[in-house]
Structures are given as structure tokens and as C-alpha cells.
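**Q**
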Amino acid sequence: MRHAVVTGASSGIGEAIVKRLLAEGWQVTGLSRRAVMPDTPGFTGLRVDITDPEALNSALHAIATPQAVIHAAGMMAAAPLGQLENRVGASLWQLHVQACEALFNHFAPAMAAGGRFVAIGSRTSRGAAGRSQYVATKAAMTGMVRSWAAELAPRGITANVVAPGATQTPMLSAPGRESSPPTCPPIGRLITPEEVAGLVNFLLSNEAAAITGQEMVICGGASLS
């Protein structure tokens, strides 16, 4: 049975990805700060703070090498220039960049041909007023994943970023988000977590074997303006 590791499995996009993969017949190991779906067939949940390097390293060593790794854990913080805090920037960097690095770095050496790496980025990775610290980490994530894609391509392993626009998740009500509210895209509604999960599921398929090193935006047309 195909096995996937998913971070951020307890809510939002990560939870939607877990549910979609289980429905597609995957065995899923979910990493999250709180317990999730304890009685779901095919699912193993590990409670771990992935921003704690030692705790994450311990958890990863307890997991067999999977066929797919999806880093979906994320957080939002917004503040204008002049009100930026080093503490907030460091937390964003630890979660979006260093945890992603640790996760992919651990599993890549033993992953077989046909393996898949997917990181959940953001449409704002090219810049967004009031969200500079968040944007910087998502841009760094994309740069890392594209670099890894080049390294892994000769082994038949793909690495991509799925970059949603404003998505209907608990992150939209994160503290500080009031200063940078989401904008409704041209389709007239926000993106759903299930739509993001659908794109991730495609990237894990055999049909997507030639897609690697890409930042795939799913934004309801927001990028058109």
C-alpha cells in the first residue's frame, strides 16, 4: 500500500489532504500538534511540534520511508514595516522553511523512484503588502523545493510547491490577520481546502511524473490582476 507523510494533519489544508489520500487508498501518517482521527483506518497520527528540531527528528526516525511527503503545516502572521517582530519572523521561518528542510532531508536519501515531495506554499510568495515575513518564508520554500527538484529528477522523484490563494481555513482568523484581510478572487469565493487537496493528489499520481520543480498556483483568478 502506498504510504504518505503529511504535516499539519489536524486542520485546514493538511486535514483535507489526509482525507483525500485516505479516500484514494493511501496509508497516511499525519504529524500535528494535537491528536487527530484516532480511529480512522489507514491513518496513523503522531503528536509532535515540528518546530522543535529534536522532537521532529525523533518522530521522523519512527516512520518508514514513504512514497510521498507533503508539508502542509503553516501559520499566518501579518504586520506592516515598522511593526515587525523578530520572534514572529523566526517562528514563521522555523515552520515553513526549516521544518520543510528537515522533513525532506530525512526521507530523500532512501526514497525510491516514483517518490513525491509536495510543499504547500502561497500565491503571495512574490510579494504582498503587510505580510513580508510570511511571504519571505514561502518564497524561500519555493526556492528550496525547486533546487531539490533539480537534484532529485535523475532519480525519478518529483518535488513541487502547491501555492493556494486565500483558502477557507482557520488560518484566515489568525491573530494579526485583521491588518491584511483576504481578498475575494474573481471566481467570487475563497479556495476550499478540498480543491488544494485535489491538486496535491494529482501531483502524487503517475500522470504527474513529468511535473517537477513547479510552483502551481490555485487562486481562483486572483493572479490575473
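Take the sequence shown: its letters are residues -10 to 214, numbered as in our numbering. C-beta: ideal position from N, C-alpha, C; glycine also.
Considering only residues of the same chain and omitting the five flanking positions on each side of His60, which have a CB-CB separation below 6 Å?
**A** Counting from 1 along the sequence shown, the entry for residue 60 is found at position 71. Answer for His60: Thr(-4), Cys89, Leu92, Ala108, listed in chain order.
**Q** Assign Ala12 to buried or exposed, taking buried as 16 or more other Cβ atoms, counted over all protein chains shown, within 10 Å of its Cβ.
**A** Counting from one through the sequence shown, the residue named residue 12 turns up at place 23. So Ala12 ends up on the exposed side.
**Q** Give me the residue from Leu84, Gly3, Ala57 with the minimum Cα distance to Ala198.
**A** The sequence position of residue 198 within the sequence shown is 209, counting from 1. Cα-wise, what sits closest to Ala198 is Ala57.
**Q** Near Arg166, which residues of its chain fall below 7 Å by C-beta distance, leaving aside the five closest residues on each side in sequence?
**A** Working through the sequence shown from its first residue, we reach residue 166 at position 177. With a pLDDT of only 49 at Arg166, under 50, the local geometry of the prediction cannot be trusted, and no value is derived from it.
**Q** Just checking my contact of Leu20 with Ile39 at CB under 8 Å: how many whole Å lie between their CB atoms?
**A** Taking the first residue of the sequence shown as position 1, residue 20 is located at position 31. Taking the first residue of the sequence shown as position 1, residue 39 is located at position 50. 6 Å between Cβ atoms; contact.
**Q** Could you give the distance in angstroms between the alpha-carbon of Ser114 and the alpha-carbon of Asn75?
**A** For the purposes of this step, residue 114 is taken as the residue at position 125 of the sequence shown. For the purposes of this step, residue 75 is taken as the residue at position 86 of the sequence shown. Distance between the alpha carbons of Ser114 and Asn75: 19 Å.
**Q** Classify Pro174: buried if its beta carbon has 16 or more other beta carbons within 10 angstroms, exposed otherwise.
**A** Mapped onto the sequence shown, residue 174 falls at position 185. It counts as buried.
**Q** How is the beta strand (DSSP E) around His60 delimited, first residue to last?
**A** Position 71 of the sequence shown, counted from the first residue, corresponds to residue 60. It spans 57 to 60 - the beta strand (DSSP E) in which His60 sits, taken as one unbroken run.
**Q** Quick one: Cα of Thr156 to Cα of Phe106, how far?
**A** Position 167 of the sequence shown, counting from 1, holds the residue named residue 156. Position 117 of the sequence shown, counting from 1, holds the residue named residue 106. Those two C-alpha atoms are separated by around 21 Å.
**Q** Measuring CB atoms only, is the stretch 181 to 193 touching the stretch 124 to 142, in the sense that at least three cross pairs come out at less than 8 Å?
**A** Short answer: they don't touch.
**Q** Does the beta-carbon of Phe191 have 16 or more other beta-carbons within 10 angstroms, so that it is buried, or is it exposed?
**A** Counted from its first residue, the sequence shown places residue 191 at position 202. That one is exposed.
**Q** Can you give, in chain order, each stretch of the beta strand (DSSP E) that sits fully within the stretch 21 to 70 and has at least 3 residues?
**A** Counting only runs of 3 or more, we get 32 to 36, 57 to 60.
**Q** Report the partner residues of Ala(-7) according to the DSSP bridge assignment.
**A** On the sequence shown, residue -7 is found 4 positions in, with the first residue counted as 1. DSSP output for Ala(-7) lists Val17, Ala57 as bridge partner(s).
**Q** Please report how far the alpha carbon of Gly28 lies from the alpha carbon of Pro69, in whole angstroms.
**A** The sequence position of residue 28 within the sequence shown is 39, counting from 1. The sequence position of residue 69 within the sequence shown is 80, counting from 1. This sequence places Asp at residue 28; Gly is not what is there. Computed Cα separation, rounded: 43 Å.
**Q** Tell me, to the nearest whole angstrom, how far the beta carbon of Ile207 is from that of Gly154; I am working on the premise that it is less than 8 Å.
**A** The residue given as residue 207 occupies position 218 in the sequence shown. The residue given as residue 154 occupies position 165 in the sequence shown. Contact flag correct, Cβ pair sits at about 7 Å.
**Q** Of all the options Arg(-9), Ser(-1), Leu10, Ala44, which has the alpha carbon lying nearest to the alpha carbon of Leu188?
**A** Taking the first residue of the sequence shown as 1, we reach residue 188 at position 199. Nearest of Arg(-9), Ser(-1), Leu10, Ala44 to Leu188, Cα basis: Leu10.
**Q** Distance check for Thr126 and Trp82, CA to CA, integer angstroms please.
**A** For the purposes of this step, residue 82 is taken as residue 93 along the sequence shown, with counting starting at 1. For the purposes of this step, residue 126 is taken as residue 137 along the sequence shown, with counting starting at 1. Taking the straight line from one Cα to the other gives about 6 Å.
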